[in-house]
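Novice:
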Amino acid sequence: MAADFAHRAHDALNNPQLRRNFRRAMDGLMAKRAVQFADQGDWTKLRARGAAIKARALARLPDLLEEFERKATANGIHVHWAETTADANRIVLEILTAHDAKRVIKGKSMVSEEMHLNAHLHAHGIAAVESDLGEYIIQLAGEAPSHIVMPCIHKDKGEIAQLFTDNIKDQPYTEDVDALTAAARTVLRQQFAAADAGLSGANFLVAETGSLVLIENEGNGRLSTTLPPLHIAVTGIEKLVEKLDDVAPLLALLPRSATGQPITTYVNMITGSRKTEELDGPRQVHLVLLDNGRSRVYADAQLRDTLRCIRCGACMNHCPVYARVGGHTYGSVYPGPIGKILTPQLAGLDCAGDLPHASTLCNACVEVCPVQIPIADILVRLRTEAAEPSASPAVKGGGGGGSVVENTVWRGWTAMHANPAAYALATRALALLGNFIPAAAPLLKQWTTMRSKPKFAGKSLHQLARDKGFDHE
Amino acid sequence: MSDARAAILSRLRAAPQLAPPEYPDWQPPRFGNRLERFRIMLEAVHGEVYEVAADQWRERLRAILSAKGVNKVMAAPHLGVDWPEILAYDRPVEDLKELLVDGIDAAVTTTRGAIAETGTLVLWPDVDEPRLLSLLPPIHVALLNQADIADTLAEMMTAQNWAATMPTNVLLISGPSKTADIEQTLAYGVHGPKQLIVLVLQS
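Protein chains in written order, with the UniProt record's numbering: chain F, 1 to 473; chain L, 1 to 203.
What follows is the structure in structure tokens.
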């Protein structure tokens, strides 16, 4: 699914409009985040707390899932478990069918993107309308999100104005953002009122209270989970936290990391369906817990850190690769650095094995991650998992052995560095002959088509050091 | 479905056991003047904050609503809001949907308190003030007792022992509904209220 990153990256790099849209957006998001975490001392303490909260929850994950299920069920929430996205789609469809629901209004949910839920419902005669403005725009365009927090970041207002004129009845062409927003409000208000069911994700699940926590700015999440008579939430099994008190530090990290806001406009904590005396809220609330490979990620002590992610998107906002190629280049639901470690683990290294290589390992993502996920270490680990043959690989689709030529070169490289005599011989040989290797030589070609060929120095560093009088330093 | 549950849990239990780390030290911040911090933070996101003596908020509310050219106002009857066209959310949403979706100009609600750090209102919707009251009308007026402003969410949750008493829905509201999905340009009122007005009742 995500194969051929290189070709898509080439196209993206030659698209000046896309480059402009992403550069402007990423610069803005980075600047806003930096203001929020201006005090390094506070930031360091807060993110250590955030990382510990998620690591604690993961350490007790199976117990917490059971505790959550018990509490949520007691609150009147129906809890479902899905091994695969196909299972999750089937469960959602069954619930909707049982309620004879034909029209679904959706709040923003990345897990529903992971499930390709809209297409599944459409195939069964159920219309699912996205209500987050960005998601609504890309649904009109028939596209996938290019950023996990700001899904239509790749589009400028001219493209959006044209989409609205083409798709909304009597909508005149305007690039005025307030007018475009008002047009979407009018259309979607009617969709909310007519919907038989609302669908959402969840940012956190609180085991202690059986609560779902959803954050958003627009109110579409609140509407989707309150106005229709039926609410279905879909989320990954890794969203658990132990205690309600854990939510406050995570809320202090997530919106500030994501968009540089101190808090989102709305934080919505749902602890049950409508009680007899209450006048609104859904009469039934369902939650689908999705595995889809997460339990396999969990099985490896190092890779497990991937599951700490709270989906803020700061890693992609700060990624020099993402900023230049955009989200669609990754060919997967989760783009950017987190996508580069999550997608190959969920989909398999045999499908998405090029993603861990789409990185310079510059560590910018690691520095801004609010839950301290060692993304660069995991990228290296995934490269190794793909290259080393194994009958029982730790990562799905791994252990294939990689390219024979590449592995041979690296073995030679390793041997050279492990043996001083071989190292001295090789560096001397390259100093003498290296500059005669043509730029178009196999292996070298991939580097030199975009860059100057490196020039070999006449003397190695060791020789230079010896000349200066250092020995065995 | 129960098969999926058993399979997922057994895979998780078969994974290596890692000791849960201790919570590292972290203290939520404190603010000398909570009202001032609350006002600065909420005004920064387009909220309006007015301080008013506790026995004069009805007059102030009437003046604000008049200035905004409001007609239909919805509020819980026990608040005693003084307004010509006042309605109550006194039936299930199914019977009020049309009016709520497109017929009310402003809603007035109480609040459980507020959070100074982020300029956030805390609402626990109930029978008198259901969940959609603070969401569907284009103007939301919230009444806040100054004494109920806490420093942080962390402090309020712990002090009030929320974990033992969570209602069906808890709402934190920090400003009017907004979006920046089109070229990161802020626009207000995309789905919820376009205006959020807070009357801080002074003790």
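By construction, the Cβ of each residue, glycine as well, lies at the ideal position given by its N, Cα and C atoms.
(1) What separation, rounded to the nearest whole angstrom, lies between the Cα atoms of residue 42 of chain L and residue 22 of chain F?
(2) List, in order along the chain, the chain L residues whose C-beta lies closer than 8 Å to that of residue 133 of chain F?
(3) What number of angstroms, rounded off, separates the C-alpha of residue 48 of chain L from the C-alpha of residue 198 of chain L?
(4) Sorted by chain position, which residues of the same chain lie with C-beta nearer than 7 Å to residue 325 of chain F's C-beta, five sequence neighbours on each side aside?
(5) Does the beta-carbon distance from residue 376 of chain F to residue 355 of chain F come in below 8 Å?
(6) Can you tell me whether residue 135 of chain L is helix, strand or coil according to DSSP?
(7) Could you have a look at residue 191 of chain F and say whether DSSP puts it in helix, strand or coil?
(8) Measuring only the C-alpha atoms, how far is residue 473 of chain F from residue 465 of chain F?
(9) Any beta carbon of chain L sitting closer than 8 Å to that of residue 473 of chain F?
(10) Counting pairs of Cβ atoms below 8 Å between the stretch 207–226 of chain F and the stretch 126–146 of chain L, do you hit three or more?
(11) How is residue 70 of chain F classed by DSSP in three states: helix, strand or coil?
(12) If you measure between the beta carbons of residue 25 of chain F and residue 103 of chain F, is that distance less than 8 Å?
(13) With residue 40 of chain L as the anchor, note down where its alpha helix (DSSP H) starts and where it stops.
(14) Could you tell me the alpha carbon to alpha carbon distance between residue 310 of chain F and residue 63 of chain L, rounded to whole angstroms?
(15) For residue 155 of chain L, which three-state DSSP category applies?
(16) Since residue 154 of chain F is in the alpha helix (DSSP H), which residue starts that stretch and which ends it?
(17) Quick one: is residue 74 of chain L near chain F, going by C-beta distance under 8 Å?
(18) Please compile the residues from chain F whose C-beta is within a distance smaller than 7 Å of the C-beta of residue 23 of chain L.
(19) What residue range is occupied by the uninterrupted beta strand (DSSP E) comprising residue 278 of chain F?
(20) Beta-carbon of residue 114 of chain L versus every beta-carbon of chain F: anything under 8 Å?
(21) Run through the DSSP bridge pairs and tell me what residue 204 of chain F is partnered with.
(22) Compare the C-beta of residue 270 of chain F with all C-beta atoms of chain L and state if any pair is closer than 8 Å.
(23) Where does residue 436 of chain F land, buried or exposed, given buried means 16+ other C-beta within 10 angstroms?
(24) Would you say residue 64 of chain L lies against chain F (beta-carbon separation less than 8 Å)?
(25) May I ask you to list, following chain order, the residues of the stretch 283–302 of chain F that have a beta carbon less than 7 Å from some beta carbon of chain L?
(26) My understanding is that residue 248 of chain F touches residue 33 of chain F, with C-beta atoms under 8 Å, so please give their C-beta distance in whole angstroms.
(27) According to DSSP, is residue 166 of chain L helix, strand or coil?
(28) Below 9 Å on C-beta distance, what does residue 18 of chain L contact in chain F?
(29) Where do the N-terminal and C-terminal ends of the alpha helix (DSSP H) with residue 103 of chain F fall, by residue?
(30) Bridge partners for residue 80 of chain F per DSSP, in chain order?
(31) Whole angstroms are fine: how far does the CA of residue 38 of chain F sit from the CA of residue 299 of chain F?
(32) Starting from the beta carbon of residue 41 of chain F, find every residue of chain L whose beta carbon is closer than 9 Å, and list them in chain order.
(33) Assuming residue 382 of chain F and residue 432 of chain F make a contact with CB atoms under 8 Å, what is their CB distance in whole Å?
(34) So residue 475 of chain F contacts chain L; which residues on that side make the cut at Cβ distance below 7 Å?
(35) Just confirm the distance between the C-beta atoms of residue 108 of chain L and residue 79 of chain L, as a whole number of angstroms; I'd bet it's less than 8 Å.
Specialist: According to the data block:
(1) 29 Å
(2) Residues of chain L passing the Cβ test: 179, 181, 182, 190.
(3) 6 Å
(4) 9, 12, 13
(5) For residue 376 of chain F and residue 355 of chain F, no; Cβs fall outside 8 Å.
(6) coil
(7) helix
(8) Caution is warranted here: a pLDDT of 49 is assigned to residue 473 of chain F, below 50, making its placement in the model unreliable, and the coordinate value is therefore given only provisionally. Their backbone Cα atoms lie some 9 Å apart in a straight line.
(9) Confidence at residue 473 of chain F is low in this model, with a pLDDT of 49, below 50, so the placement of that residue should be treated as unreliable; the coordinate-derived value is given next. With 8 Å as the cut-off, residue 473 of chain F does not count as an interface residue toward chain L.
(10) Output reads yes: the stretch 126–146 of chain L touches the stretch 207–226 of chain F.
(11) helix
(12) Their beta carbons are not under 8 Å apart, which means residue 25 of chain F does not touch residue 103 of chain F by this criterion.
(13) 34–44
(14) Each residue's Cα considered, the two are about 44 Å apart.
(15) Looking at residue 155 of chain L - three-state DSSP - the assignment turns out to be helix.
(16) Per DSSP, residue 154 of chain F is not a residue of any alpha helix (DSSP H), being assigned neither H nor E.
(17) no
(18) 49, 52
(19) Careful: residue 278 of chain F lies outside any beta strand (DSSP E) and carries neither H nor E.
(20) By this cut-off, residue 114 of chain L is not an interface position.
(21) In the DSSP assignment, residue 204 of chain F forms a beta bridge with F:213.
(22) yes
(23) exposed
(24) no
(25) Legend: CB atoms of the stretch 283–302 of chain F lying less than 7 Å from CB atoms of chain L belong to residues 291, 295, 298, 299, 301.
(26) Incorrect: roughly 19 Å between the Cβ atoms, too far for contact.
(27) coil
(28) 55, 58, 59, 301, 304
(29) Not the alpha helix (DSSP H): residue 103 of chain F falls in the beta strand (DSSP E), residues 103–106.
(30) F:288
(31) 37 Å
(32) Neighbourhood of residue 41 of chain F in chain L, by CB distance below 9 Å: empty, with the nearest CB roughly 11 Å away.
(33) In fact, because the Cβ distance is near 38 Å, the residues do not count as touching under 8 Å.
(34) Because chain F here runs from 1 to 473, residue 475 of chain F falls outside it and cannot be looked at.
(35) 7 Å
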